[in-house]
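Residue numbers for the sequence shown follow our numbering, beginning at 7 and rising by one. Notes follow once the structure below has been shown.
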Amino acid sequence: TSFGFRTVREGEKQGLVNDVFHKVATRYDIMNDLMSGGMHRLWKDAMVSVLAPPRQPGRGWRVLDVAGGTGDIATRIVERSDRQVEAVVLDINGSMLAVGQDRADKAGLAGSITFTQGNAEVLPFPDRTFDAYTIAFGIRNVPDIPKALREAHRVLRRGGRFLCLEFSEVEMPVLDKVYDAFSFHAIPAIGKAVTGDGDPYKYLVESIRKFPNQDRFAEMIREAGFEKVTFRNYTGGIAALHSGWKL
Ligand code: SAM
7 TSFGFRTVRE
17 GEKQGLVNDV
27 FHKVATRYDI
37 MNDLMSGGMH
47 RLWKDAMVSV
57 LAPPRQPGRG
67 WRVLDVAGGT
77 GDIATRIVER
87 SDRQVEAVVL
97 DINGSMLAVG
107 QDRADKAGLA
117 GSITFTQGNA
127 EVLPFPDRTF
137 DAYTIAFGIR
147 NVPDIPKALR
157 EAHRVLRRGG
167 RFLCLEFSEV
177 EMPVLDKVYD
187 AFSFHAIPAI
197 GKAVTGDGDP
207 YKYLVESIRK
217 FPNQDRFAEM
227 IREAGFEKVT
237 FRNYTGGIAA
247 LHSGWKL
């Protein structure tokens, strides 16, 4: 590619992604703080505010958090609902899920959060199972994104909401240059310092650059069948939150 990274063949992608997250699972949370300067916490809080999970008891409201890793989003959703909702965390990587399960046990949230190993492209749930589908910093890693979006649509009930938080295209002059330099140099360096190997992070940075911009991704969400698709930028577009409804 133009960034001098080795080109990753499609079939290789999932394996590389899995290696990164197996290696980093126990240090994943600190890694996020280092690489985003703590900003990922604000973006995740904002995502959960937009979702506004119900607080009334007995609604039987269920959310599926795909590529949920160590449970950051699910934990926030359950806490924000005063533990009135049920969350399923699905991730392809058992190491990430194990860290999440441990965290949920310690926080006393294990009764509200279930951890399931699976692939975003073939969700192990019947049609119309969930009231909401969330995915944070995960869709970029999935080899067949349109397929994952169609699966999201399938498992949502009518009236259900899709929310996706992902790195996006920086739409502020100057910040875009700073961000480019930071991601190209600092992210692999931090990765190397914490895990001993910077190469997988070069791949992650490349995957951010290759990911469709806000408008193109909104179009892909519409193509999967969602309606009223909108997005909002966070921190000048470093991250964006896309929303859609199954109507
Ligand atoms: N959502 C969490 C967060 O925001 O902290 C974790 C995000 S982490 C950057 C990306 C996650 O996507 C990893 O845990 C990885 O295992 C998972 N993942 C990658 N490919 C996947 C796939 N095809 N299906 C499900 N999860 C996948």
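Beta carbons: idealized from backbone N, C-alpha and C, even for Gly. The structure displayed is predicted, hence computed values, not measured ones.
With respect to 7 Å, is the separation between the Cβ of residue i and the closest non-hydrogen atom of the ligand SAM below this value?
i	result
residue 6	This structure does not reach residue 6, given that the chain is present from 7 up to 253, and the question cannot be answered.
residue 18	no
residue 127	yes
residue 40	no
residue 108	no
residue 148	yes
residue 99	yes
residue 44	no
residue 57	no
residue 115	no
residue 73	yes
residue 27	yes
residue 256	The structure shown does not extend to residue 256, since the chain is modelled only from 7 to 253, so the question has no answer here.
residue 37	no
residue 53	no
residue 22	no
residue 169	no
residue 102	yes
residue 247	no
residue 79	yes
residue 48	no
Where does the unbroken beta strand (DSSP E) through residue i begin, and where does it stop?
i	result
residue 249	245 to 252
residue 92	92 to 97
residue 122	119 to 123
residue 237	233 to 240
residue 184	Segment 181 to 187 is the alpha helix (DSSP H) holding residue 184; no beta strand (DSSP E) there.
residue 72	68 to 72
According to DSSP, which residues form a beta bridge with residue i?
i	result
residue 142	171
residue 166	252
residue 136	162
Would you give the residue range spanned by the alpha helix (DSSP H) that residue i belongs to?
i	result
residue 211	205 to 216
residue 85	78 to 86
residue 201	193 to 201
residue 105	100 to 112
residue 157	151 to 161
residue 220	220 to 229
residue 128	No alpha helix (DSSP H) holds residue 128; DSSP gives it neither H nor E.
residue 147	Neither: residue 147 is in no alpha helix (DSSP H) and is coded neither H nor E.
Evaluate contact between the stretch 152 to 172 and the stretch 120 to 131, counting only Cβ atoms and requiring at least three cross-stretch pairs below 8 Å.
yes
Any 3 or more C-beta pairs closer than 8 Å across the stretch 77 to 88 and the stretch 102 to 113:
yes
Validate contact between the stretch 159 to 166 and the stretch 187 to 197 using beta carbons, cut 8 Å, 3 pairs:
no
Do the stretch 204 to 211 and the stretch 219 to 236 touch if we need at least three Cβ pairs shorter than 8 Å?
no
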